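According to full-length UniProt numbering, the sequence shown holds residues 1 to 357 in order. Glycine included, every Cβ here is placed at the ideal spot set by N, Cα and C. Just so we're clear, the structure is a prediction, and the values are computed from it rather than from any experiment.
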Amino acid sequence: MLTVLLVVAALVVGVALMTGLRIVPQAKVMVVERLGRFHHVAHSGLNVLIPFLDSPRAIEMRTGNRYLRSNTVDLREQVMGFDTVQVITHDNVTMEVGSVIYYQITDPAKTLYQVENLALAIEQLTMTNLRNIMGGLTLDQTLTSRETVNTKLRIVLDEATEKWGVKVTRVELREIEPPQAIKDAMAKQMTAERERRAEVTKAEGDKAAAILQAEGEKISRILRAEAERDAEVARAEGHKRAVVLEAEAKAEATRLVFEAVHSGRATPEILALRYLETLQELGKGDNKVFVPYEASAALGSVGMLKELFAKEGTAATPAGKPVPSAAALSAQSLARSVIQPPQAQPVRRGSSPAQDE
Numbered sequence: 001m002l003t004v005l006l007v008v009a010a011l012v013v014g015v016a017l018m019t020g021l022r023i024v025p026q027a028k029v030m031v032v033e034r035l036g037r038f039h040h041v042a043h044s045g046l047n048v049l050i051p052f053l054d055s056p057r058a059i060e061m062r063t064g065n066r067y068l069r070s071n072t073v074d075l076r077e078q079v080m081g082f083d084t085v086q087v088i089t090h091d092n093v094t095m096e097v098g099s100v101i102y103y104q105i106t107d108p109a110k111t112l113y114q115v116e117n118l119a120l121a122i123e124q125l126t127m128t129n130l131r132n133i134m135g136g137l138t139l140d141q142t143l144t145s146r147e148t149v150n151t152k153l154r155i156v157l158d159e160a161t162e163k164w165g166v167k168v169t170r171v172e173l174r175e176i177e178p179p180q181a182i183k184d185a186m187a188k189q190m191t192a193e194r195e196r197r198a199e200v201t202k203a204e205g206d207k208a209a210a211i212l213q214a215e216g217e218k219i220s221r222i223l224r225a226e227a228e229r230d231a232e233v234a235r236a237e238g239h240k241r242a243v244v245l246e247a248e249a250k251a252e253a254t255r256l257v258f259e260a261v262h263s264g265r266a267t268p269e270i271l272a273l274r275y276l277e278t279l280q281e282l283g284k285g286d287n288k289v290f291v292p293y294e295a296s297a298a299l300g301s302v303g304m305l306k307e308l309f310a311k312e313g314t315a316a317t318p319a320g321k322p323v324p325s326a327a328a329l330s331a332q333s334l335a336r337s338v339i340q341p342p343q344a345q346p347v348r349r350g351s352s353p354a355q356d357e
């Protein structure tokens, strides 16, 4: 009988020891109560609890859409997503808004003893404050100011959950769904806005193209005018150069003739005879009449030649009258040809001047 009692006692002690030894995982803690009151927080590792006196306090956590009870409190940052709720904006538009919050338990004792159900409390607090914040904004502000809504909501939740030993780190609006009529109106507005932008862009493009085309035509005309001006200047410079070169050539020719005449020491009679020969050469041709410059001087020279040849070439006839020599006769005929230019003779086609003579 004593042996049985000892065995039973040993089994009871073993079971007590087994139930008193608790292993807490990393990043988790266990809130230990002794005789129903808070005693201490057991951290990660091996912890010894006194059987029948110490017991862990369970906490109810939300995982997805389910609530689970656990003897340990998770100290890691956790995420909690909520279903869409209906909110009314400042301009009386009903919208459905879904949100997600990120929080972390910093004081397990406060989390267990300051609030009955932490997950439910955070959910209800998020929904009520979301309605308050969204009610103070218009439809356009709610669609374009998500960051502002997130910041305001995080500040409100962080202040409210601080006494629960919870730190709200981040709040995000997951979705904002306006009514279908509002969506259709927004789609039409967006289409009209895009068409307006397209028309404005097209008008600006046409304006820029017209300006560029006008500037191109202006530059083209300026360049064409400058090219024509440069061409006229070049032609004038060329004509000027040609005239100068021609004048220089004539001056050089005159100088050479003058030097040749002076170096040959020609007498006035020889010059006059050469002048008359040149006039005969110039007077040749059909339908041509040549009137020499200073004809009186030329006739005076002819008269001088006539008298000169008359003195040297005359001889006394038996009747006592002078007979002109061949030189005198030549001078007389030359004088007559100068005074009276030869008549133009018609030239037959196909005949040479030699045959006409």
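For this session: Quick one: which unbroken alpha helix (DSSP H) runs of 4-plus residues sit fully inside the region 124-172? Chain order, please.
Result: 139-144 and 146-161
Exercise. Is L112 closer than 9 angstroms to R57 when the C-beta atoms are compared?
Worked result: Within the sequence shown, the letter at position 57 stands for residue 57. Within the sequence shown, the letter at position 112 stands for residue 112. Against a cut-off of 9 angstroms, the Cβ pair of L112 and R57 comes out as a contact.
For this session: Determine the DSSP secondary structure at T94, reduced to helix, strand or coil.
Result: Walking along the sequence shown from the start, residue 94 turns up at place 94. Three-state result, T94: strand.
Problem set entry | Straight-line Cα distance separating T128 from A10 | As a first step, residue 10 must be located in the sequence shown, where it is residue number 10. As a first step, residue 128 must be located in the sequence shown, where it is residue number 128. When rounded, the distance between both Cα atoms is 57 angstroms.
Exercise. At a cut of 8 angstroms, does the region 136-144 reach the region 188-202 through at least three beta carbon pairs?
Worked result: no
For this session: Give every residue of the same chain whose Cβ lies closer than 6 angstroms to the Cβ of G320, excluding the five residues on either side of it in the sequence, and list them in chain order.
Result: For the purposes of this step, residue 320 is identified with residue 320 of the sequence shown, where counting begins at 1. For G320, the predicted model reports a pLDDT of 45, less than 50, meaning its position is unreliable and no value from the coordinates is stated.
Exercise. In three-state DSSP terms, what is T3?
Worked result: Taking the first residue of the sequence shown as position 1, residue 3 is located at position 3. Here T3 sits in helix by DSSP.
For this session: Quick one: give me the first and last residue of the alpha helix (DSSP H) that L112 is part of.
Result: Counting from one through the sequence shown, the residue named residue 112 turns up at place 112. Segment P108 to Y113, the alpha helix (DSSP H) holding L112.
Exercise. By how many angstroms is the C-alpha of H90 removed from the C-alpha of V32?
Worked result: Residue 32 sits at position 32 when you count from the first residue of the sequence shown. Residue 90 sits at position 90 when you count from the first residue of the sequence shown. The straight-line gap from Cα to Cα measures roughly 49 angstroms.
Problem set entry | Backbone secondary structure at D230 - three-state DSSP | Position 230 of the sequence shown, counting from 1, holds the residue named residue 230. Helix at D230.
Problem set entry | Inter-residue spacing [alpha-carbon to alpha-carbon] between V233 and Q213 | The count along the sequence shown starts at 1 and reaches residue 233 at position 233. The count along the sequence shown starts at 1 and reaches residue 213 at position 213. Each residue's alpha carbon lies about 30 angstroms from the other.
For this session: From the DSSP output, in three-state form, read off H239 for me.
Result: Position 239 of the sequence shown holds residue 239. Helix at H239.
Exercise. By Cβ distance, which residues of its chain are closer than 6 angstroms to R76, with the 5 residues on each side in sequence left out?
Worked result: The sequence position of residue 76 within the sequence shown is 76, counting from 1. Correct list, in chain order: A27.
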